[in-house]
Amino acid sequence: KTEDVARKLGDLSRTVLAKTDICHLIDKGVVEQLCSMITGEQKLLPPLLKLLLQCSLVSRTGSEICVRSITDIVDKLSTAPNSLTSSVHANLLQLTSTLVRSLPPCENLTSDMISYIVSKEIIDNIQNTCSNTLHIEDEAKCAVLTSSLHLLSSCCVVMTTPNTPISSSPTKNDSSGLVDALVFTKACNIVTLLYGVLLYDGPKKVPPALSDLTRGVIKQGLLTLLDISRFSLHTLQMVLDTEGMSLELRHVFSCVLTCASQHDYTSILDLCIQLIGYIVFSHPENQILLQNGPRPSILELLF
4 KTEDVARKLG
14 DLSRTVLAKT
24 DICHLIDKGV
34 VEQLCSMITG
44 EQKLLPPLLK
54 LLLQCSLVSR
64 TGSEICVRSI
74 TDIVDKLSTA
84 PNSLTSSVHA
94 NLLQLTSTLV
104 RSLPPCENLT
114 SDMISYIVSK
124 EIIDNIQNTC
134 SNTLHIEDEA
144 KCAVLTSSLH
154 LLSSCCVVMT
164 TPNTPISSSP
174 TKNDSSGLVD
184 ALVFTKACNI
194 VTLLYGVLLY
204 DGPKKVPPAL
214 SDLTRGVIKQ
224 GLLTLLDISR
234 FSLHTLQMVL
244 DTEGMSLELR
254 HVFSCVLTCA
264 SQHDYTSILD
274 LCIQLIGYIV
284 FSHPENQILL
294 QNGPRPSILE
304 LLF
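Position in the sequence shown (from 1) plus 3 gives the number in the numbering used here.
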């Protein structure tokens, strides 16, 4: 059945839908119908995204393709997010993220598009999504959360100058407004999100195995924090340099290191170690953070 539906999606994209604007599809409920067709079938997500991309790229060339498509979807996400079902919301966020990543890195056009996303309060919406999630139990809502984090990652990636050395100096000339948005939203409260997800039932001496949904959220959260670090390490260090946030961060690192090592979550463990390296880079206070707190300390867990 999966292959049959995927083939039908491809047929649709080559006929009627290939001549239709993406916003028209959203307004007419076509996207929601397609999403309902693939409920529980994660293998169909790539064909659906491919279909939506084909719909949105028709009769457009060059950079205009991404610009028009991004603005169309961002307008929909910002004006009527509550009217979308969780599955549609997640797919539109993922589609926007895909389009953003196709923008040329660090060019004026890219900066303008990120500025548009910021001005439409999409970053604020991502913060709200992270702040309102304390426990991962609903697959559809979890998809919205991970897609939101992925979009934030994409914004940071395309605004990161390629092949630049790590620096903890303040980011200069950020015309996109992304730095200010990250400061205002405290990096979209990702650390608080991870703290709530990992320690929902309180700290335990032996952390239990994590569900697939929880692991997915933690992995994407760590990836997004890494992308923020590469974009503007100074911004992330400044956001985390508060007493409450630093305590949450220490608990997150401790829990992830303990849980990942005991249950063989290699990819999560690697991301956590990389993030710790960025957080303490040229930052004496954060370096002390690794040594403080209950034993074993973060530093002891690393060894």
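Every residue gets a Cβ at the ideal spot worked out from N, C-alpha and C, and that includes glycine.
If you ignore the 5 residues before and after residue 92, its C-beta comes within less than 6 angstroms of the C-beta of 147, all in its own chain and listed in chain order.
Under the three-pair Cβ rule at 8 angstroms, the stretch 100-116 counts as touching the stretch 149-165. By the Cβ rule, the stretch 285-302 counts as touching the stretch 256-273, because three or more pairs are nearer than 8 angstroms. Nearest to residue 169 by C-alpha distance, out of 115, 232, 132, 175, is 232. The three-state secondary structure of residue 176, taken from DSSP, is coil.
When the five nearest sequence neighbours on each side are left out, the beta carbons in the same chain lying within less than 7 angstroms of the beta carbon of residue 224 are those of 152, 193, 196, 197, in order along the chain.
With a 10 Å radius around the Cβ and a threshold of 16 neighbouring Cβ atoms, residue 247 comes out exposed. The beta carbon of residue 132 sits closer than 7 angstroms to the beta carbons of 147, 148, 151 from its chain, once the five residues preceding and following it are set aside; these are given in chain order. Contact check between the stretch 170-179 and the stretch 210-230: fewer than three CB pairs, one atom from each, fall below 8 angstroms, which does not count as touching.
The alpha-carbon of residue 293 is positioned some 14 angstroms away from that of residue 261.
The alpha helix (DSSP H) runs of length 4 or more contained entirely in the stretch 125-202 are, from start to end of the chain, 125-134, 142-161, 181-187, 193-201.
A Cβ-Cβ separation of about 5 angstroms places residue 139 in contact with residue 217 under the 8 angstroms criterion. By the CB criterion at 8 angstroms, residue 76 and residue 106 fall outside the cutoff.
Ranking 137, 82, 163, 104 by CA distance to the CA of residue 124 puts 82 first. In the same chain as residue 240, and ignoring 5 residues on each side of it, the C-beta atoms closer than 6 angstroms to its own belong to 286, in chain order. With respect to the 8 angstroms criterion, residue 186 and residue 238 are classified as neighbours on the basis of their beta carbons. Comparing C-alpha distances from residue 166 to each of 267, 234, 264 shows the shortest one belongs to 234.
Per DSSP, the unbroken alpha helix (DSSP H) holding residue 287 starts and ends at 287-292.
For residue 200, the closest C-alpha among the options 221, 183, 113, 190 is that of 221.
In the displayed model, residue 105 falls within coil according to three-state DSSP, outside both helix and strand. Per DSSP, the unbroken alpha helix (DSSP H) holding residue 273 starts and ends at 269-283.
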